[in-house]
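If you read the protein sequences in the order shown, they are chains A and B.
According to this note's numbering, the first sequence is numbered sequentially starting from 1.
According to this note's numbering, the second sequence is numbered sequentially starting from 1001.
Number of protein chains: 2
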Amino acid sequence: MNKRQIQKQFTREKIINAAKQIFIKRGIINTATSQIAEAAGIAHGTLFLHFPNKDSLVIELLDIELSKFSDNIKQLIVETTDVNTMLEQYLNLIQEEEGFFSSLARELPSYKDELRRKILFRESLIREHFHQAIKKGIEQNAYAQVDIPGTLTFLFGTINYYLSLKTSFVQDGGVIEKFHDQIINTFMKILKKN
Amino acid sequence: MNKRQIQKQFTREKIINAAKQIFIKRGIINTATSQIAEAAGIAHGTLFLHFPNKDSLVIELLDIELSKFSDNIKQLIVETTDVNTMLEQYLNLIQEEEGFFSSLARELPSYKDELRRKILFRESLIREHFHQAIKKGIEQNAYAQVDIPGTLTFLFGTINYYLSLKTSFVQDGGVIEKFHDQIINTFMKILKKN
DNA sequence: CAACTCGGTGAGTGTGTACTCAGTAAATGG
DNA sequence: CCATTTACTGAGTACACACTCACCGAGTTG
């Protein structure tokens, strides 16, 4: 890479980093491209040299973040088949980037179809891990014969609900931290054999 | 009421009705006041004679709709203490206005604080009914000793999740209809004694 | 019926925002 | 060392939207 390419790469990263910070604070929908440019310390027009429009910036940003998250979760989850620890790991990982996921959950229903599908697809990969673990648990007679997809929607729906309405649930500090035990206990109760 | 007052009242109702229809279709956030005026068959400026700004129109609209819903649910729920039937009634009532509630759930996290608080307050009244019924069930040894608020968040969170992402769950027809049994079964499973 | 009130009109205003483009200067390449 | 390429600049453009206001005409009032 020559000087120019390095500089270009550097600018691109500045944009994405700035966008992520603002996304966490105010959400992407309520953030002007000019604000992102300002935070990145570049001219407004420069942003559009790197991304043809706002949407493609958002898509790239979310792709990067979500794939990081996916990689992490895979590493932590793949080796364990114990649902309880899997859930624990999953919640911990969300907690680390709670601001980001809270914004995501809040704006998810308002995103364009393509973007929403991408996000839900990532979620479905994680669901699949849980699905397998629960299935194995049922076969080994450790869990009750629940409707697995429905059960998982209860889990993911609730987590999403907490995240999207975070500000209504906690003043400061994390929602996930606050309701961590409750989520795990209630979910394990659903799986429990009678 | 003289002719003028009747006419004024009539126009006000036309605005609210038009706003509700558009709200269901496109959501209030994505609807311009000019579109509401057009749908109501009045001039754009007239809207602002009846409401000082867009927000106050939205607040009045939601107040009307949610209080109608509250009244209905109270009538159906108050007389029964059986959680299963209560839930059934609740879901039926949502189903009747699913388009409305779907829009509401989708946009809820984006609303201004005041409005969101109002909506969540309504929800909390309904929660209270469920809370009492479950409490009674536990005392009568019919249900397990669950964490009632946490359990109810699982319920309301999941319903909210289905409604807000309705278009991702069903092509046409109702989400609530589709997942009706699953919601009830899973929730009753949480309450079940081991 | 004349004077006045008032609900309604719709072109106009101000603002916020996504995106453009002519110009600049530094890097590159022959 | 000159010609060309290219990342970047930021004032400018087009558009959408909430809200205003001078004007109109039907309704009310004395």
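Just so it is clear, CB atoms sit at the ideal spot from N, CA and C, and this is done for glycine as well.
For residue i, which residues in chain A fall below 9 Å Cβ to Cβ?
| i | result |
| --- | --- |
| Gly-1099 of chain B | Those do not exist, as Gly-1099 of chain B stays about 14 Å from chain A at its closest Cβ, beyond 9 Å. |
| Lys-1003 of chain B | Near Lys-1003 of chain B there are no residues of chain A at all, since even the closest Cβ is about 44 Å away, more than 9 Å. |
Name, please, each residue of chain B whose Cβ falls closer than 8 Å to the Cβ of residue i.
| i | result |
| --- | --- |
| Thr-151 of chain A | Thr-1186 |
| Arg-106 of chain A | Pro-1109 and Ser-1110 |
| Lys-136 of chain A | Residues of chain B passing the Cβ test: none, with the nearest at roughly 20 Å. |
By the three-class DSSP mapping on this structure, what secondary structure does residue i have?
| i | result |
| --- | --- |
| Thr-81 of chain A | coil |
| Gln-140 of chain A | coil |
| Asn-1194 of chain B | coil |
| Ala-43 of chain A | coil |
| Met-188 of chain A | helix |
| Thr-31 of chain A | coil |
| Asn-1002 of chain B | coil |
| Phe-48 of chain A | helix |
Given that residue i touches chain A, what residues does it touch there, using C-beta distances under 8 Å?
| i | result |
| --- | --- |
| Asp-1147 of chain B | Gln-182, Asn-185 and Thr-186 |
| Lys-1008 of chain B | The contacting residues do not exist; Lys-1008 of chain B stays about 35 Å from chain A at best. |
Report the neighbours of residue i on chain B: residues whose CB is nearer than 7 Å to its CB, in chain order.
| i | result |
| --- | --- |
| Phe-154 of chain A | Phe-1154, Thr-1158 and Thr-1186 |
| Asn-194 of chain A | Lys-1192 and Asn-1194 |
| Lys-14 of chain A | Those within 7 Å of Lys-14 of chain A in chain B number zero; the least Cβ separation is about 28 Å. |
What does residue i touch in chain A if you count any residue whose Cβ is under 7 Å from its own?
| i | result |
| --- | --- |
| Leu-1165 of chain B | Pro-109 |
| Lys-1025 of chain B | Ordered by position in chain A, no residue passes the 7 Å Cβ test against Lys-1025 of chain B, which lies about 15 Å from the chain. |
| Lys-1243 of chain B | Residue 1243 of chain B lies beyond the stretch modelled for chain B, which goes from 1001 to 1194, so this question has no answer here. |
I want to verify the contact list: residues of chain B whose CB lies under 9 Å from the CB of residue i, in sequence order.
| i | result |
| --- | --- |
| Tyr-162 of chain A | Thr-1153 and Gly-1157 |
Less than 7 Å between the CB of residue i and some heavy atom of the ligand GDP, yes or no?
| i | result |
| --- | --- |
| Thr-1167 of chain B | This structure lacks the ligand GDP; in fact it carries no ligand of any kind. |
Alpha helix (DSSP H) runs wholly inside the segment 1082-1116 of chain B, at least 4 long, in chain order: Runs of the alpha helix (DSSP H) inside the segment 1082-1116 of chain B: 1083-1096 and 1098-1107.
Proximal residues, the segment 112-129 of chain A versus chain B, C-beta separation under 7 Å: Result list: Arg-116 and Leu-120.
The segment 168-179 of chain A: positions lying closer than 8 Å to chain B by Cβ: Residues passing the 8 Å Cβ filter: Ser-168 and Phe-179.
Inside the segment 1129-1177 of chain B only - beta strand (DSSP E) runs reaching at least 3 residues: For the segment 1129-1177 of chain B, not a single whole beta strand (DSSP E) run of length 3 or above is found.
Chain A contacts from the segment 1051-1068 of chain B (Cβ-Cβ distance under 9 Å): Residues passing the 9 Å Cβ filter: none.
Contained alpha helix (DSSP H) runs [length at least 4] in the segment 1053-1078 of chain B, N- to C-terminal order: The qualifying runs are 1054-1078.
Residues within the segment 1070-1086 of chain B neighbouring chain A, beta-carbon criterion of under 8 Å: Of all residues in the segment 1070-1086 of chain B, none has a Cβ within less than 8 Å of some Cβ in chain A.
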